[in-house]
């Protein structure tokens, strides 16, 4: 697994390494600076005219050390110190002295010159308030430069916890971060501001952070095949689960089709679609492998029978918000005894009827809201959700004991008592109608094969993104359709057998 610390966790790991393991802070600073210099050289960055801009914290100390090492290589280095000397850490003061000892000169004014590279060592992961005043003006000036911009640990102005821009931020071409990629380098817009990210191992111990329940993790896509359910030689369709898809309404057959197709592509053994009568013919033609059961009006006994038959249920995609769909959803939520994925209109109905969730079993439901649906469920505006997505997903998963899959460019999966997952696969080609229906079907297919709700959701989100990556290779960034994501599922899963 890959772990993404926030600012507090990284500081704690740093402190443990210094206080308990006995590695001096100055030694870590030297290692960090050496890593930055080596990466700049390895990447062929033009070092003919260098400007290093330092703040007064330890990030600035890294900058002074970088400038000294470049100076020792007889390179043209200008150093601009824009912090307050009285606020300098002990390590930064020492690095300042070492830089001056090799003949380095310190300026307190940044001038817009024709530099080949600018090294940003102004603020590190500890920035906690919006940038303003002279710092704002200097960062805006840096962003106007044609020089290559290299950020030390994280671009100054990006929140290490959320990836949000705190007033303004350095737009780096390259970021060298230390030990672990911080959360702020994963989430947008921080991800974009960071440019290419290089992770330098400088010896900070992160074992305790990795065991922390508050730590965010992701799966390594290259190890994806190890996460998949096994296919047994001596098996039949019942081995891989009976899936009930309750989806679609008049004019919305596509949602049911994409749910069912994706569940089948992911490996489910048998899929039955429960939908309105108008969709029967088209779904039989689109997906003859599925059982089609149709309704004209709400039939409680029919729904009960279907719930008894199913090993896993997926409800909500395209069912509409009306009296009939509300009755079906209420019946399912209150009576289902197997894992259940609730998507799209199912979530919109629950936003208006939260009482349906009273007394539900912990860990039995997977909710898959995009940000607007999450806003309806929580009454929190979308911009606030973006700025505190981890906290919002965790709080929802605690309040209602469900697995919350909060969909976005970086989808978050939260479940009470589990480390939170953030997905790093996928691309902008997936921003098309029907993509969410495919995801709901993928998760459902994994649950049908025995994955628990949290694992099924995390692996499903990863597979969904990887399928999108495969589809992008085939169709390009603009032309991917949701059904081609289902084709991408097959392309990804086939690699397990290569």
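In UniProt numbering, the protein residues as written are 1 to 498.
Where is the CB? At the ideal position from N, CA and C, for every residue including glycine.
All values reported here derive from a predicted model rather than from experimental measurement.
Taking 8 Å as the cut-off, decide whether the C-beta atoms of residue 402 and residue 454 are in contact.
-> Taking the first residue of the chain shown as 1, we reach residue 402 at position 402. Taking the first residue of the chain shown as 1, we reach residue 454 at position 454. No.
Would you grab the beta carbon distance between residue 163 and residue 189 for me? Rounded to a whole angstrom, and I think it's under 8 Å.
-> What you label residue 163 is simply residue 163 of the chain shown in a count that begins at 1. What you label residue 189 is simply residue 189 of the chain shown in a count that begins at 1. Yes, they are in contact, since the Cβ atoms of residue 163 and residue 189 sit about 6 Å apart, within 8 Å.
From residue 384 to residue 58, what distance separates their C-alpha atoms?
-> Here residue 384 is taken as the residue at index 384 of the chain shown, counted from 1. Here residue 58 is taken as the residue at index 58 of the chain shown, counted from 1. If you take the alpha carbons of residue 384 and residue 58, they lie about 30 Å apart.
Beta-carbon proximity list for residue 51, same chain, < 6 Å, skipping 5 on both sides = The residue labelled residue 51 in the question sits at position 51 within the chain shown. Apart from the 5 residues on each side of it in sequence, residue 51 sits with its Cβ closer than 6 Å to the Cβ of 78, 115, 118 in its chain, given in chain order.
Is it the case that the Cβ atoms of residue 378 and residue 436 are separated by a distance below 8 Å?
-> Taking the chain shown and counting its residues from 1, the one referred to as residue 378 is at position 378. Taking the chain shown and counting its residues from 1, the one referred to as residue 436 is at position 436. Not a contact, by the Cβ cut-off of 8 Å.
In the DSSP assignment, find the unbroken beta strand (DSSP E) run with residue 406 in it and report its ends.
-> Counting from 1 along the chain shown, the entry for residue 406 is found at position 406. Taken as a continuous stretch (DSSP letters only), the beta strand (DSSP E) holding residue 406 covers 403-406.
Would residue 472 be called buried (16 or more neighbouring beta carbons within 10 Å of its own) or exposed?
-> Walking along the chain shown from the start, residue 472 turns up at place 472. Answer is buried; the Cβ neighbour count reaches 16.
Just the C-alpha distance for residue 310 and residue 287, rounded to the nearest angstrom, thanks.
-> Here residue 310 refers to the residue found at position 310 of the chain shown. Here residue 287 refers to the residue found at position 287 of the chain shown. Using only the alpha carbons, I get a separation of about 19 Å.
Going by Cα to Cα distance, which pick from 441, 430, 395 is closest to residue 408?
-> Indexing the chain shown from 1 puts residue 408 at position 408. Selected option, being the one with the closest Cα: 430.
Extent of the continuous beta strand (DSSP E) run through residue 218 | Numbered from its first residue, the chain shown carries residue 218 at position 218. Unbroken beta strand (DSSP E) run through residue 218: 216-218.
Can you tell me whether residue 530 is buried or exposed, with buried defined as 16 or more other CB within 10 angstroms of its CB?
-> There is no way to answer for residue 530, as the model of the chain reaches only from 1 to 498.
Provide the residue(s) that pair with residue 272 in DSSP beta bridges, ordered along the chain.
-> As a first step, residue 272 must be located in the chain shown, where it is residue number 272. In DSSP, residue 272 forms a bridge with 244, 291.
Limits of the beta strand (DSSP E) - the one that residue 77 falls within = Your numbering for residue 77 matches position 77 in the chain shown. Note, residue 77: beta strand (DSSP E), 77-81.
Would you check if the region 242-252 and the region 264-275 touch, i.e. whether three or more CB-CB distances between them fall below 8 Å?
-> yes
Residue burial classification, residue 342 (beta-carbon count within 10 angstroms, cutoff 16) | Position 342 of the chain shown, counting from 1, holds the residue named residue 342. Sixteen is the threshold: when 16 or more other Cβ atoms of the shown chains lie within 10 Å of the Cβ of residue 342, as they do, the residue is buried.
Please determine, among 282, 464, 292, the residue with the shortest C-alpha to C-alpha distance to residue 411.
-> The residue labelled residue 411 in the question sits at position 411 within the chain shown. Among 282, 464, 292, the Cα nearest to that of residue 411 is on 464.
Short check: CB of residue 29 to CB of residue 76, under 8 Å?
-> Here residue 29 corresponds to residue number 29 of the chain shown, with the count starting at 1. Here residue 76 corresponds to residue number 76 of the chain shown, with the count starting at 1. No. Outside cutoff.
Would you call the CB atoms of residue 179 and residue 202 closer than 8 Å?
-> Here the question's residue 179 lines up with position 179 in the chain shown. Here the question's residue 202 lines up with position 202 in the chain shown. Yes, the Cβ-Cβ distance between residue 179 and residue 202 is below 8 Å.
Taking the Cβ atom as the reference point for each residue, do residue 316 and residue 448 lie within a distance shorter than 8 Å?
-> Counting from one through the chain shown, the residue named residue 316 turns up at place 316. Counting from one through the chain shown, the residue named residue 448 turns up at place 448. Not closer than 8 Å, so no.
Is residue 3 helix, strand or coil by DSSP?
-> Residue 3 sits at position 3 when you count from the first residue of the chain shown. Correct three-state label for residue 3: strand.
Could you spell out the range, first to last residue, of the alpha helix (DSSP H) harbouring residue 397?
-> Your numbering for residue 397 matches position 397 in the chain shown. Run containing residue 397: 389-399, per the alpha helix (DSSP H) assignment.
Buried or exposed for residue 48, please, with buried defined as at least 16 other CB atoms from any protein chain shown within 10 angstroms of its CB.
-> Looking up residue 48 in the chain shown gives position 48. Exposed, since its Cβ has fewer than 16 Cβ neighbours within 10 Å.
Can at least three beta-carbon pairs, one atom from the region 215-223 and one from the region 290-306, be found at a separation below 8 Å?
-> For the pair of segments examined, the region 215-223 was found not to touch the region 290-306: the number of CB pairs separated by less than 8 Å stays below three.
Which parts of the region 340-367 are runs of the alpha helix (DSSP H), unbroken and 4 residues or longer, counting only runs that do not cross its ends?
-> You should have 345-352.
CA-CA distance, residue 125 and residue 159?
-> Here the question's residue 125 lines up with position 125 in the chain shown. Here the question's residue 159 lines up with position 159 in the chain shown. Approximately 7 Å between the Cα atoms of the pair.
Contiguous alpha helix (DSSP H) assignments of at least 4 residues, all confined to the region 23-74 = 25-42, 58-72
Could you give the residue range of the beta strand (DSSP E) that holds residue 149?
-> Within the chain shown, numbered from 1, the residue matching residue 149 stands at position 149. Here the beta strand (DSSP E) through residue 149 covers 148-152.
Minimum length 3: unbroken beta strand (DSSP E) runs contained in the region 86-152 | 117-121, 148-152
Is the Cβ-Cβ distance between residue 35 and residue 200 less than 8 Å?
-> Residue numbering aside, residue 35 sits at position 35 when the chain shown is read from its first letter. Residue numbering aside, residue 200 sits at position 200 when the chain shown is read from its first letter. For residue 35 and residue 200, yes; Cβs fall inside 8 Å.
Cβ-Cβ separation, residue 95 to residue 136 (assumed contact under 8 Å), whole Å = On the chain shown, residue 136 is found 136 positions in, with the first residue counted as 1. On the chain shown, residue 95 is found 95 positions in, with the first residue counted as 1. About 25 Å; that fails the 8 Å criterion.
What is the rounded straight-line gap between the Cα of residue 265 and the Cα of residue 478?
-> Here residue 265 refers to the residue found at position 265 when the chain shown is read from its first residue. Here residue 478 refers to the residue found at position 478 when the chain shown is read from its first residue. Their Cα atoms are separated by approximately 23 Å.
Out of 421, 149, 45, which has the shortest C-alpha to C-alpha gap to residue 2?
-> If you number the chain shown from 1, residue 2 lands on position 2. Nearest C-alpha to residue 2: 421.
Using DSSP bridges, identify the partner residues of residue 175.
-> As a position in the chain shown, residue 175 is number 175, starting the count at 1. Residue 175 pairs with 151, 197.
Below 8 Å on the Cβ atoms is my guess for residue 460 versus residue 443; work out the distance and round it to an integer in Å.
-> Reading the chain shown from its first residue, position 460 is the one you call residue 460. Reading the chain shown from its first residue, position 443 is the one you call residue 443. Confirmed, about 4 Å.
Leaving out the 5 sequence neighbours to the left and right, which residues in its chain are closer than 8 Å to residue 102 when beta-carbon positions are compared?
-> For the purposes of this step, residue 102 is taken as the residue at position 102 of the chain shown. Excluding sequence neighbours, residue 102 sits near 68, 71, 72.
Reduced DSSP category for residue 421 - H, G, I as helix; E, B as strand; rest coil | The residue given as residue 421 occupies position 421 in the chain shown. Three-state result, residue 421: strand.
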